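K.L.:
Before I ask anything, let me first share the structure, which is written out below as structure tokens.
2 protein chains.
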Amino acid sequence: MNSFHFTVTHRSQTSKARLGKLSTPHGVVDTPAFIFCATKAAIKGATSHNMRQENTQIILSNTYHLMLQPGPEIVEKMGGLHSFMGWDGPMLTDSGGFQIFSLGHGSVAEEVKGRRQSSRPKSLLKINEEGATFKSYIDGKRHTLTPEKSIQVQRALGADLIVVLDECTPFHVDKSYTERSMHMSHRWAARSLKEFQKRADGRQALYGITQGGVYPDLRRNSADFVNSLPFFGHAVGGSLGANKTQMAEVVEMAMEPLDPSRPVHLLGVGGVSDIFYGVKQGIDTFDCVHPTRLARHGGALVPPSLWESLGEDPQGREHMNLRNARFRDDPRPIDETCGCQTCQTLSRGYIHHLLKARELLAMHALTLHNVHFMNRLLAAIRQAIAVDQLEQEKKKWLI
Amino acid sequence: MNSFHFTVTHRSQTSKARLGKLSTPHGVVDTPAFIFCATKAAIKGATSHNMRQENTQIILSNTYHLMLQPGPEIVEKMGGLHSFMGWDGPMLTDSGGFQIFSLGHGSVAEEVKGRRQSSRPKSLLKINEEGATFKSYIDGKRHTLTPEKSIQVQRALGADLIVVLDECTPFHVDKSYTERSMHMSHRWAARSLKEFQKRADGRQALYGITQGGVYPDLRRNSADFVNSLPFFGHAVGGSLGANKTQMAEVVEMAMEPLDPSRPVHLLGVGGVSDIFYGVKQGIDTFDCVHPTRLARHGGALVPPSLWESLGEDPQGREHMNLRNARFRDDPRPIDETCGCQTCQTLSRGYIHHLLKARELLAMHALTLHNVHFMNRLLAAIRQAIAVDQLEQEKKKWLI
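So the protein sequences, as listed, match chains S and U. Take 44 as the starting number for the first sequence in my numbering and just add one per residue. Take 44 as the starting number for the second sequence in my numbering and just add one per residue.
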């Protein structure tokens with residue numbers, strides 16, 4: 044069995060961007076890389092085989108969903124997540140905290156990016172030093188998630204990369220709350236690590252999470268803390284601010300003091316502009332439900348050149364809405380420059396029809412395309428970093 | 044371009060079962076064969092590529108659905124059904140009449156098999172010599188389908204095999220209604236043929252439909268009629284009776300007088316026992332939504348040997364309900380003897396989880412399995428006919 048290690052193979056001369064090789068027992072991930080969300084141990088609309096065909100390196104599953112259904116004991120009995128879902132590549136699970144703390148039934152990403160100023164979800168019953176008590180979204184039963192429990196569940200699930208439990212604070216909390224929460228998350232991280240080390244057998248590697256919200260001194264304090272513990276990698280957590288500009292500032296201040304020898308994951312971020320920004324700050328991996336969720340709503344990710352080929356302004360347009368009636372008799376593929384299974388075989392007109400007719404195949408077709416797009420984007424970013432042309436490459440993907 | 048022909052390559056010594064080669068411009072179908080329903084130009088839960096991988100020879104689409112959405116002019120502009128949906132094999136469309144006459148929002152198959160004694164659907168506004176007027180299930184707009192219009196629409200859709208418009212009578216009508224309806228359907232068939240011959244360019248072949256309900260003299264009269272016209276093939280239409288026993292009798296009386304040189308299709312029938320019965324009566328092709336619809340409800344078609352391997356009585360059980368809690372931690376594939384993509388990669392436990400979690404992938408996985416099962420069943424039937432062992436083969440599939 045291969046062991047875990049992370050090697051930086053190239054550093055940009057003009058930014059903090061870097062190329063790396065993240066080795067796991069299930070294979071090597073070339074970084075920067077995008078991690079797709081197989082929330083309930085399934086990519087919505089694509090098989091593990093499809094994901095491989097569209098050049099996917101790594102996927103993740105959500106501990107929160109799997110601990111409630113089918114339960115970690117079932118997944119463990121079935122040989123762990125890789126065997127359960129037929130995915131033989133690298134895989135990550137989160138701690139489960141994100142959903143408990145941030146998710147009612149809405150979008151997690153909106154919350155963490157500060158676009159929604161909601162308070163706690165009603166399903167969250169209690170947070171204290173021990174952990175968090177919440178009601179299951181499936182049957183309303185009470186569950187308690189502690190740092191130790193999260194690691195135990197993630198151990199049973201068996202992903203390669205696992206993550207410590209942290210408190211995800213709502214966006215609107217003040218510095219005093221953020222600081223208290225950060226310290227509790229640090230104590231939880233230490234407890235997570237202790238539980239992890241009890242049975243560390245080389246099959247999994249643990250990520251710590253850097254906290255501190257939008258406050259530079261807290262971000263530095265938190266970086267010092269995670270650097271001091273033997274985590275394999277770091278995730279950038281906590282509030283990233285109220286908008287994209289603030290997010291960029293917060294990511295920069297969070298990244299600067301982190302140990303550069305460890306891989307860094309940016310949680311729940313996956314817009315094209317966010318990825319370019321993150322890569323320039325040295326982020327190695329990203330995850331977001333956006334590409335696959337967008338697909339289920341009829342949206343195909345496309346580069347700006349596509350709008351130009353239609354004689355239209357590409358400004359701010361990252362996707363094409365195939366529900367639009369203009370596509371009903373359009374025999375062209377979504378993107379003639381795309382090598383995905385969908386663009387090789389199906390037309391915009393047919394996908395438009397599938398969406399209108401509410402055929403399952405529409406989601407499948409668009410999911411394959413968006414997965415391929417993200418993998419193609421990240422491959423292009425890696426190539427550009429290698430030749431120090433990231434700014435030039437960015438112009439091909441963002442206008 | 045290949046032309047249409049049908050060659051009987053072997054006749055059973057012990058029944059009317061036969062092997063054939065049905066040649067079309069898009070390839071040859073080895074008969075007996077099962078035709079899968081891509082109702083709205085899409086198999087629900089599988090791509091055209093998936094269908095090929097699971098050994099599918101031929102599929103059909105429904106003229107009724109496609110004439111309403113996206114409309115024949117769109118499909119024609121997109122290069123016809125084959126190009127539109129990316130299926131390069133043989134294909135059939137029905138006339139559209141079946142849905143107009145028999146379908147409210149319930150099951151067509153239940154109606155034609157006499158299991159539902161409903162009267163006409165509310166959406167059917169008028170039937171007269173000219174044709175049928177009905178309301179669209181999508182937007183309530185009035186449409187009139189005539190024999191000529193059905194052929195025109197099917198010409199635009201561009202399937203290889205097309206079918207004349209007939210009146211599908213409700214089950215409970217008396218002999219006098221059945222006879223009058225039969226004669227009108229004969230006149231419609233002659234009009235369909237005339238319209239077809241106006242532009243017969245060798246790209247499509249037309250099937251007539253034999254009528255006559257459950258009445259032997261009418262069945263003979265109708266067979267004489269369709270035999271007398273230059274149809275490429277025949278479909279067995281009209282009421283098949285109130286139950287499986289009567290259906291068997293009606294199929295026998297309908298088949299006996301039909302021209303044996305033409306291929307015969309049995310409309311809307313696809314249970315395992317029905318297929319064995321039909322094959323023994325000389326039926327060459329079958330279609331039914333059952334295998335793919337069952338998949339979407341969590342059912343996997345399995346042979347009796349599977350229940351025996353579980354130590355259970357296989358009597359009357361043609362499928363396994365993967366929603367059943369007994370499968371939640373079952374690491375075995377649905378059927379260890381099955382070669383489908385699903386049985387090669389996924390377990391009963393995982394599919395159970397996907398169903399409980401309402402993941403799209405559940406429908407996909409079960410659809411692939413059921414498609415493979417039907418193709419495997421028909422291949423086994425063809426092999427058995429070749430060596431005159433159909434009765435022995437039947438015991439492996441039905442108890």
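Glycine is no exception: its CB is placed at the ideal position from the N, C-alpha and C atoms. Treat the numbers as computed from the prediction; the structure is a model and nothing was measured.
Using a Cβ-Cβ distance cut-off of 8 angstroms, determine whether S:I117 contacts chain U.
P.N.:
Yes, its Cβ sits closer than 8 angstroms to a Cβ of chain U.
K.L.:
Of all the beta strand (DSSP E) runs that stay within the bounds of the region 310 to 377 of chain U, which reach a length of 3 or more residues?
P.N.:
328 to 330, 342 to 344, 362 to 364
K.L.:
By how many angstroms is the C-alpha of S:E434 removed from the C-alpha of S:Q426?
P.N.:
Distance between the alpha carbons of S:Q426 and S:E434: 12 angstroms.
K.L.:
Any contact between the region 57 to 75 of chain S and the region 386 to 397 of chain S? By contact I mean 3 or more CB pairs, one from each, below 8 angstroms.
P.N.:
no
K.L.:
I need the straight-line Cα distance from S:Q195 to S:L188, nearest angstrom please.
P.N.:
Cα-Cα distance, rounded: 10 angstroms.
K.L.:
Could you tell me the alpha carbon to alpha carbon distance between U:T212 and U:G311, rounded to whole angstroms?
P.N.:
15 angstroms
K.L.:
Name the one or two DSSP bridge partners that U:V71 has.
P.N.:
U:S66
K.L.:
Within the 8 angstroms Cβ cut-off, does U:M142 reach chain S?
P.N.:
Here residue 142 of chain U turns out to be Gln, not Met, going by the sequence shown. It does not; no Cβ of chain S falls within 8 angstroms.
K.L.:
Closer than 8 angstroms, Cβ to any Cβ of chain U: which residues of the region 55 to 86 of chain S, in chain order?
P.N.:
K83, A84, A85, I86
K.L.:
Going by the CB atoms, is the gap between S:S104 and S:A202 shorter than 8 angstroms?
P.N.:
yes
K.L.:
Counting only the same chain and skipping the five closest in sequence on each side, list residues whose C-beta sits under 7 angstroms from that of U:N93.
P.N.:
L411
K.L.:
Identify the continuous beta strand (DSSP E) that holds U:K178 and give its terminal residues.
P.N.:
175 to 178
K.L.:
Assign U:A76 to one of three DSSP states: helix, strand, or coil.
P.N.:
strand
K.L.:
Who are U:F49's beta bridge partners in DSSP?
P.N.:
U:L65
K.L.:
Just to confirm before moving on: does the CB-CB distance between U:H362 and U:L337 stay below 8 angstroms?
P.N.:
yes
K.L.:
Tell me the rounded alpha-carbon separation between U:E322 and S:T380.
P.N.:
The sequence as given places Val at residue 322 of chain U; Glu does not occur at that position. Spanning the two alpha carbons is a distance of roughly 48 angstroms.
K.L.:
Measuring only the C-alpha atoms, how far is U:F329 from U:T52?
P.N.:
19 angstroms
K.L.:
Using the Cα positions of S:I205 and S:D244, report the straight-line distance between them to the nearest angstrom.
P.N.:
13 angstroms
K.L.:
For U:S390, go through chain S and note every residue whose CB falls closer than 7 angstroms to its CB, in chain order.
P.N.:
M121
K.L.:
For my contact list, S:F47 and S:F275 are in at a C-beta cut-off of 8 angstroms; report their separation, rounded to the angstrom.
P.N.:
6 angstroms
K.L.:
If you run the structure through DSSP and keep just helix, strand and coil, what is S:I181?
P.N.:
coil
K.L.:
Between U:H226 and chain S, is there a C-beta pair that is closer than 8 angstroms?
P.N.:
no
K.L.:
For the region 373 to 406 of chain U, which residues have a CB atom closer than 7 angstroms to at least one CB atom of chain S, in sequence order?
P.N.:
So the list reads P374, T388, L389, S390, G392, Y393, H396, L397, K399, A400, E402, L403, L404, M406, given in the order they occur along the chain.
K.L.:
Taking the beta strand (DSSP E) that S:V279 falls in, what are its first and last residues?
P.N.:
276 to 279
K.L.:
Under 8 angstroms, Cβ to Cβ, is there at least one residue of chain U near S:Q289?
P.N.:
Taking Cβ atoms only, chain U never reaches closer than 8 angstroms to S:Q289, which makes this a no.
K.L.:
Which whole-angstrom value is the C-beta distance of U:E97 and U:C386, which I expect to be below 8 angstroms?
P.N.:
Not quite, the Cβ-Cβ distance comes to about 11 angstroms (not below 8 angstroms), so this is no contact.
K.L.:
Can you give the beta carbon distance from U:M227 to U:S265, rounded, assuming they're within the 8 angstroms contact cut?
P.N.:
The beta-carbon separation of U:M227 and U:S265, rounded to 12 angstroms, does not stay under the 8 angstroms limit for a contact.
K.L.:
Per DSSP, which one or two residues make a beta bridge with U:K169?
P.N.:
U:T176
K.L.:
When you check each C-beta in the region 129 to 140 of chain S against every C-beta of chain U, which residues fall closer than 7 angstroms?
P.N.:
G129
K.L.:
Report yes or no: do the region 340 to 347 of chain S and the region 280 to 298 of chain S share at least 3 C-beta pairs separated by less than 8 angstroms?
P.N.:
Between the region 340 to 347 of chain S and the region 280 to 298 of chain S there are fewer than three C-beta pairs closer than 8 angstroms, too few to call the two in contact.
K.L.:
Quick one: which chain U residues come within Cβ less than 8 angstroms of S:F127?
P.N.:
Chain U residues near S:F127: S390, G392, Y393, H396.
K.L.:
According to DSSP, simplified to helix, strand and coil, what is S:Y250?
P.N.:
S:Y250 falls in the strand class under three-state DSSP.
K.L.:
Let me confirm a value: U:T57 is counted as buried when at least 16 other C-beta atoms fall within 10 Å, else exposed. Which label applies?
P.N.:
exposed
K.L.:
How many whole angstroms separate the CB atoms of U:V279 and U:L249, which I take to be in contact at a CB cut-off of 8 angstroms?
P.N.:
With a Cβ gap of about 16 angstroms, U:V279 and U:L249 do not count as contacting.
K.L.:
At what residues does the beta strand (DSSP E) containing S:I104 begin and finish?
P.N.:
Sequence inspection shows Ser at residue 104 of chain S; the Ile mentioned does not correspond to that position. Here the beta strand (DSSP E) through S:S104 covers 101 to 104.
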